[in-house]
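Residue numbers (this note's numbering), protein chains in the order written: chain A, 34 to 427; chain B, 918 to 1017; chain C, 6 to 301.
Here it is in structure tokens:
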């Protein structure tokens, strides 16, 4: 297995190439552009035999992918922030049409004011759309999860679109060593797509009809059931990938040093790496703390969250986004998952790192300390510039 | 059968979620829906005046005029909505719209 | 054996939900007669979404893929790309959309499809308003027409703006082929459709589609009104091939546009002066078309 030095963006490109996608349709947006530029190079050189549609917007990009998928093509697109928001109508369309599109999303803050830096608002805001959602911590994970996403999305028990997300600049533009499977290895793992049962020429069929109230709800329930099944299917796929590559990223909620932890912080994306080193540092100073990485946001890992909560007394959920008028989305879903449990840990929401604000070891350590101390607000924005600091430094 | 096709699905076996396809893929030909009940007037073709120009067949929006083995235009009574285009366009005036 | 002037084979079924006298069904019927069984139709929100019958039935013998309202052009490009990638060489991709879904909300996606040179046919059936939602004005609604959003009252005389020249917008993209077609002239209509099968690249048909409830005339008059539109030069029949204009139907002397306007309730409020202004606009447009034809 060759080892390359790849950015998160190029990890997406290589995964799509190895997956032998048939159709790519994408529109540039910072910080995603390198993904599709690299794919454009692969297509131009003939390394990847695919149709690359240079669409005129993200909304058109996803429509083109959905229609191509309906005819039986394996499709890929990528976007970020405003582009993802523009695509929103089609995200619903993809799941409703049961189109197994795979999309790479670079997590970036939304405007106004403009920001190109990392923030999970764009992808978290899509949690209602029926897409499988992964949050990657490393470029290796980006590549591996994208390859797995194709197989998961196309699995006959699933047939749902899937997005693999990576933090802007921390992953998209930062190079890391990545083991890249060979084409033969990927061909064995990801067979050619089964195109039976889709739109075929000459058939009097229609995908997407006008449907009356007596039949519509059942189709929505089918999506719900498929999403449930996808969790089980993902376990099988990850085991298979492990056999192929020796790598396993730990399922939907990998944990670190939680077994005897007094306090656990739950993170998504690259903050996890920093948090892991903070856990180690705090442990050497006698604090019993642990970390849980929320890797799969959809389907939400209810079972794994309940397992974690069985032994943890205090859980802090770090959201790199906020649902105005409520609380952080991950925090809310953890609370909902734990509501029926007899043992419920103390739960705190940390909202931080928005608009690319760096989640430093100091800020994360502060979160662990707040958890260990107990009390304080249920929803805390710990890295805001507060009045006292301004006065002190102003 | 509802003229608006609301209960078109009753012509098929779809009763429960399990009967439905996984994707919203429609496969039943629409001619299970008989739109005859839409009409107030019915075209009557007077074959003795008909010149077999097939303008009526050509302009029917509902494909409700067929052509029989002898080449005569025939109104498909299950579907004709009584729009009257055939009668209007028939040059020899061989078609009358008659109240049903 | 019946001597038919257009192909006999039907690809549209009876039982569809169109209003009596609807021309949009004839547009689809003629397009598919010309294209044959290898067509795959993609259509956005429009009358045909409902005409094509509710789940689980479908009104066509060829596949229909519904797409988002704004995105017909993108859906067309996606289907063509998939067909090419999968080696389905015989597939003819057809985008089929109303005037709203083409010239207003769908204009960007159409522009993209044309500019990218997608090898496909795009048919705009033009009933000159957002008919599916109940007759609201579109960019393609003509000057003076009543619609629910351009009513006739003390301060409003129907639509105050002219009709978007969609063929000019399409022509600016240098398509492989573009033509106007009219359900009142089926033989000409089929000739244009069959021509598109011989040409590679993006092809556009602007199909005139009279609408009884929206234009307020009795349903049996659909063909007659279609005929009047062309015979008054209000909807000329012409094609653009490789940039060259050719008018395909010229009467020795056009009929006065008043005949066309007075046949429709949506124009019943027009004064003689307003009709004269419309006549002037039609004459000017026809003169420009004649001039374009000479450019060669």
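In this text, a Cβ means the ideal position worked out from N, Cα and C, and glycines have one as well.
For residue 237 of chain A, the closest Cβ of chain B is nearer than 8 Å. Counting only Cβ-Cβ distances below 8 Å, residue 992 of chain B has no contacts in chain C at all, with the closest Cβ about 11 Å away. Taking residue 50 of chain C as the centre and dropping the five residues before and after it, the same chain places the C-beta of 74 closer than 6 Å to its C-beta, in chain order. Taking the CA atoms as reference points, residue 215 of chain C sits about 20 Å from residue 290 of chain C. Residue 413 of chain A is bridged by DSSP to A:383.
Of all residues in the stretch 952-974 of chain B, only 952, 955, 956, 969, 971 and 974 place a beta-carbon less than 8 Å from a beta-carbon of chain C.
For the stretch 46-58 of chain C, residues whose beta-carbon sits nearer than 8 Å to a beta-carbon of chain A comprise 47, 54, 55, 57 and 58. Under the DSSP assignment, residue 1017 of chain B falls outside any beta strand (DSSP E); it carries neither an H nor an E label. Under the DSSP definition of a beta bridge, residue 65 of chain A lacks any partner.
Residue 69 of chain C reaches chain A at 239, counting residues in chain order whose Cβ is nearer than 7 Å.
When C-beta atoms of the stretch 247-257 of chain C are compared with those of the stretch 179-193 of chain C, three or more pairs fall below 8 Å, so the two segments count as touching. Residues of chain C with a Cβ closer than 7 Å to the Cβ of residue 941 of chain B are, in chain order, 60.
About 19 Å separates the Cβ atoms of residue 123 of chain A and residue 84 of chain A, ruling out a contact at the 8 Å cut-off. Relative to residue 191 of chain A, the option among A:372, A:43, A:163 and A:359 whose CA is nearest is A:163. Scanning its chain for C-beta atoms nearer than 7 Å, with the 5 sequence neighbours on each side dropped, one finds around residue 154 of chain A the residues 142, 143 and 354, in chain order. Here DSSP, grouped into helix, strand and coil, assigns residue 270 of chain A to helix. The beta-carbon distance between residue 259 of chain A and residue 193 of chain A, rounded to whole angstroms, is 5 Å. This is short enough to meet the 8 Å contact definition.
Against chain A, the CB of residue 121 of chain C has a partner CB under 8 Å away; the residue lies at that interface.
Under the three-state reduction of DSSP, residue 136 of chain C is assigned to coil, being neither helix nor strand. Between residue 70 of chain C and residue 241 of chain A, the C-beta gap is smaller than 8 Å, which places the two residues in contact.
Judged by DSSP secondary structure, residue 121 of chain A falls outside any beta strand (DSSP E) and instead within the alpha helix (DSSP H) spanning 121-129.
Put simply, the CB of residue 1015 of chain B is far from chain C, with every gap to its CB atoms at 8 Å or more. Around the beta carbon of residue 296 of chain C, a 10 Å sphere encloses fewer than 16 other beta carbons of the protein chains shown; the residue is thus reported as exposed.
In the three-state reduction of the DSSP assignment, residue 367 of chain A falls in the helix class. Residue 47 of chain A sits in a helix when the DSSP states are folded into three classes. Taking a C-beta cut-off of 9 Å against chain C, the contacting residues of the stretch 76-105 of chain A are 82, 83, 84, 85, 86, 87, 88, 89, 90, 92, 93, 94, 95, 96, 97, 98, 99, 100, 101, 102, 103, 104 and 105, listed in chain order. Going by DSSP, residue 117 of chain C is part of the alpha helix (DSSP H) stretching over 112-120. In the three-state scheme derived from DSSP, where H, G and I count as helix and E and B as strand, residue 340 of chain A is classed as helix. A direct Cα-to-Cα measurement between residue 159 of chain A and residue 331 of chain A gives close to 10 Å. Within the stretch 13-29 of chain C, the residues whose Cβ lies closer than 9 Å to any Cβ of chain B are, in chain order, 13, 15, 17, 18, 19, 20, 21, 22, 23, 24, 25, 26, 27, 28 and 29.
With contacts defined by Cβ atoms closer than 8 Å, residue 167 of chain A and residue 201 of chain A do not form a contacting pair. At a cut-off of 8 Å between beta-carbon atoms, residue 122 of chain A makes contact with chain C.
Looking at the backbone, the Cα of residue 179 of chain A and that of residue 281 of chain A are separated by about 13 Å.
Ranked by how close their Cα comes to the Cα of residue 209 of chain A, the residues A:263, A:198 and A:171 have A:171 in first place. Taken atom to atom, the span from the alpha-carbon of residue 229 of chain C to that of residue 137 of chain C is near 23 Å. Residue 948 of chain B and residue 933 of chain B have their alpha carbons spaced roughly 23 Å apart.
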